[in-house]
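Here is the structure we will look at.
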Amino acid sequence: MNLAEIAKILEAEVIVGGDLLNEEIKMGCGSDLMSDVLSFVKSEALLLTGLINPQVVRTAEMADLAAICFVRGKKPGQETIRLARTKNIPLLTTPLPMFESCGRLWQEGLVGCSEYKK
Amino acid sequence: MVSDYRISKVQELIYEIGVGEIMQTDLVTVDPRTPMSQLRAILREKRISGTPVVDGDKLVGIISIEDFIRWLADREEDCQIAEKMSKNVCTIYADEPLTQAVNIFQRFGYGRLAVVNREDKKLLGIITKGDIVRGLLKKLEIDHVAEEEVYRHRVKHFFDDILADKVVLLFQYDVVGHDFARAGEGASRLKATLRRLGLAPQIVRRVAIATYEAEMNVVIYTDGGKMRVRVEPHEIFLVVKDSGPGIPDIEKAMQPGYSTAPEWVRELGFGAGMGLCNISRCATKMDLKSTVGKGTQLNIRISIDNEAKSENS
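Given below as C-alpha cells:
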C-alpha cells in the first residue's frame with residue numbers, strides 16, 4: 006500500500022512529503038513511546054503517534070521509518086516540520102483517533118511490524 | 098561558500114540543460130480565427146497567461162493576457178485573435194541551451210517563447226520563466242542526491258587508499274544538557290557519517306539507535322557530555338561520557354521500565370525506562386560505569402561482521 010492510499014483511508018492531510026506519496030509502506034505501528042518505537046519497530050514502517058514534538062522525527066530518522074502520521078487531528082509545530090523536511094520524512098495528520106486509525110489500516114491489509122515477513 | 102557554489106552550479110546548469118528538456122509539451126493552442134471575446138475563458142480555464150496561435154500546424158503568432166487587456170482598454174469591437182496577436186513570434190529551438198532562453202527573456206521582456214524543432218520548424222512546446230525556475234530546482238535536487246552518492250563513494254575509496262596495518266577513525270560529538278530541541282543532533286550527524294563510510298544499513302541503524310538513546314539520557318539527566326566514536330573495519334566503539342549526577346543503582350537502572358525521568362520528559366515520549374535496555378539490544382557488548390556525584394560512562398561495542406544480531410534490532 007502506498008502513502009497516497011494510506012492518506013485516503015485515514016482521511017489524512019499531507020503536511021510534508023507531497024512528492025513522496027508513491028512510497029510503498031510495508032507495515033505500520035502505533036505508539037506514543039519513542040523508546041518502544043526504537044526497540045520494536047522495523048525499518049520502513051509507518052508510525053502512527055499522538056506526539057508532535059521534533060523528537061518523533063528524530064526517532065523516525067534513527068530507525069529508518071518510512072513516514073509519520075499524527076492522530077486525533079494533531080498538527081506539529083514549525084520545528085518538527087522543518088526537521089522532517091530536511092530529513093525527507095513524510096508527515097501526515099488524520100482527524101481519526103489512534104485506535105480507529107490502526108484499525109482501518111489493518112483492515113485494509115497493512116500488517117503490523119511483528120506480522121511482517123520479508 | 099555554499100551560496101557561491103549554488104550560483105556557479107546554476108550557471109553551469111543553464112548551459113547544460115536544453116530548452117526541450119523543461120518546456121511544456123501538453124500545449125494549449127488557439128486558432129487565429131477565434132474571437133477575442135473567447136480568449137479570457139480559454140486562458141482562465143487552462144490557467145495560462147498566453148498561448149501560441151496555430152493555423153493548421155503552422156505557428157502564426159502568440160497571444161497573451163497583455164494583448165487581451167490592451168484590446169479591452171481600447172474598447173474595440175470583437176475581432177479575430179489574428180488581428181491582435183504578436184505576429185513577430187520569437188522562437189527558440191528545442192536543442193538550444195537554457196541560457197539562450199534566459200537571454201531572450203532578459204533582452205525583450207517576453208513572458209513566453211515558442212519552442213520549435215530545428216529541422217522542420219514545427220511547434221513542440223512553450224517555455225516560460227517559471228518553467229526555467231522549476232527545471233533548475235528539479236535538477237539541483239537530483240544533483241543533491243547524486244552528491245551524497247559521490248560522498249559515499251569517495252569515503253569508501255579513502256579507506257582503500259590508506260596504506261597502514263590498522264586504520265582507526267575517531268569522531269567526537271558534544272551533547273548539551275537539558276536542550277531537548279537539539280537532542281539527537283549528534284546521533285543524526287554520526288548516522289550520516291557512517292552512511293557515507295558505506296557501512297551496512299542495519300549496522301548504521303543499530304549505532305544510530307544506541308547513540309540516540311544514550312544522547313537522550315545525557316540530555317535528560319545531566320548538564321552535558323561527550324560522545325566519542327571509534328570506527329574500525331571490524332567494530333564501532335562508542336563512549337558516552339558525562340559529568341552528571343551519576344546512577345546510584347546500576348542494576349536497577351538496567352531493568353526495563355525502571356525510570357527516574359521527570360514528567361515533562363515522559364510527556365515527550367521518552368523516559369519510560371527503556372533506553373538502556375534498548376542500547377544493550379543494539380550493542381554487541383555494553384558496559385556502564387557510574388559514580389554518584391561524579392558522572393557516568395557508557396561503553397558500547399557494535400561489531401560489524403556480526404550480521405546475525407542486526408536482524409533483531
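Taken in order, these protein sequences are the chains called A and B. According to our numbering, the first sequence is numbered sequentially starting from 6. According to our numbering, the second sequence is numbered sequentially starting from 98. Where is the CB? At the ideal position from N, CA and C, for every residue including glycine.
8 Å Cβ cutoff, residue i in contact with chain B
i: L56 (chain A); result: yes
i: L53 (chain A); result: no
i: P59 (chain A); result: yes
i: E49 (chain A); result: no
i: R63 (chain A); result: yes
i: R87 (chain A); result: no
i: M67 (chain A); result: yes
i: L43 (chain A); result: yes
i: M6 (chain A); result: no
i: S2 (chain A); result: Lying before the first or after the last residue shown, residue 2 (chain A) is absent from chain A, which here runs from 6 to 123.
Supposed contact pair residue j and residue i - C-beta distance, whole angstroms, cut 8 Å
i: L365 (chain B); j: L56 (chain A); result: 7 Å
i: I160 (chain B); j: A198 (chain B); result: 20 Å between Cβ atoms; not a contact.
i: G115 (chain B); j: L221 (chain B); result: Contact doesn't hold; Cβ gap of about 11 Å is too wide.
i: K219 (chain B); j: D154 (chain B); result: 7 Å
i: G22 (chain A); j: L96 (chain A); result: 7 Å
i: L315 (chain B); j: G274 (chain B); result: Rather than Leu, the amino acid found at residue 315 (chain B) in this sequence is Val. Sure, about 7 Å apart at Cβ, within 8 Å.
i: T188 (chain B); j: L210 (chain B); result: 7 Å
i: Q269 (chain B); j: M324 (chain B); result: 7 Å
i: K184 (chain B); j: D164 (chain B); result: Rounded, the Cβ-Cβ distance is 11 Å, inconsistent with contact.
i: S204 (chain A); j: T54 (chain A); result: Absent from the structure is residue 204 (chain A), since the part of chain A shown begins at 6 and ends at 123.
Sheet register partners of residue i (DSSP bridge)
i: A72 (chain A); result: A:L51
i: N7 (chain A); result: A:E29
i: M371 (chain B); result: Paired residues: none, contrary to the question.
i: R378 (chain B); result: According to DSSP, R378 (chain B) bridges with nothing at all.
i: M324 (chain B); result: B:Y270 and B:V337
i: P45 (chain B); result: Residue coverage of chain B in this structure runs from 98 to 410, which leaves residue 45 (chain B) outside it and unanswerable.
Inter-residue Cα distance where the pair is residue i and residue j
i: N214 (chain B); j: E193 (chain B); result: 10 Å
i: E105 (chain A); j: P81 (chain A); result: 20 Å
i: Y309 (chain B); j: L101 (chain A); result: 30 Å
i: L296 (chain B); j: R303 (chain B); result: 11 Å
i: A405 (chain B); j: E49 (chain A); result: With a pLDDT of only 42 at A405 (chain B), under 50, the local geometry of the prediction cannot be trusted, and no value is derived from it.
i: N7 (chain A); j: I14 (chain A); result: 11 Å
i: I397 (chain B); j: N375 (chain B); result: 12 Å
i: V362 (chain B); j: E16 (chain A); result: 31 Å
i: Q83 (chain A); j: V19 (chain A); result: 15 Å
i: V150 (chain B); j: R231 (chain B); result: 25 Å
i: Y207 (chain B); j: I201 (chain B); result: 8 Å
C-beta neighbour in chain A for residue i, strict 8 Å
i: A358 (chain B); result: no
i: L365 (chain B); result: yes
i: A278 (chain B); result: yes
i: I306 (chain B); result: yes
i: E310 (chain B); result: yes
i: N314 (chain B); result: no
Residue i: CB within 7 Å of a non-hydrogen atom of the ligand COA
i: Q394 (chain B); result: The ligand COA is not among the ligands present in this structure, which contains no ligands whatsoever.
**Asked** Should the segment 368-379 of chain B be regarded as contacting the segment 343-357 of chain B, the criterion being three or more beta carbon pairs within less than 8 Å?
**Response** They touch, by the three-pair rule.
**Asked** At a cut of 8 Å, does the segment 114-122 of chain A reach the segment 137-151 of chain B through at least three beta carbon pairs?
**Response** The segment 114-122 of chain A and the segment 137-151 of chain B do not touch, with fewer than 3 CB-CB distances between them shorter than 8 Å.
**Message:** Count Cβ pairs between the segment 237-256 of chain B and the segment 122-140 of chain B that sit closer than 8 Å; are there 3 or more?
**Reply:** The segment 237-256 of chain B, when compared against the segment 122-140 of chain B, does not touch it at the 8 Å Cβ threshold.
**Request:** Report yes or no: do three or more beta-carbon pairs, one from the segment 279-287 of chain B and one from the segment 18-32 of chain A, lie closer than 8 Å?
**Result:** With a cut-off of 8 Å, the segment 18-32 of chain A and the segment 279-287 of chain B do not count as touching, because too few Cβ pairs lie within range.
**Asked** Is there contact here, the segment 68-83 of chain A with the segment 380-387 of chain B, by at least three beta-carbon pairs under 8 Å?
**Response** Fewer than three Cβ pairs drawn from the segment 68-83 of chain A and the segment 380-387 of chain B lie within less than 8 Å of each other, which leaves the two stretches out of contact.
**Prompt:** Counting Cβ pairs, one atom from each stretch, are 3 or more of them under 8 Å apart for the segment 60-71 of chain A and the segment 88-95 of chain A?
**Reply:** They touch, by the three-pair rule.
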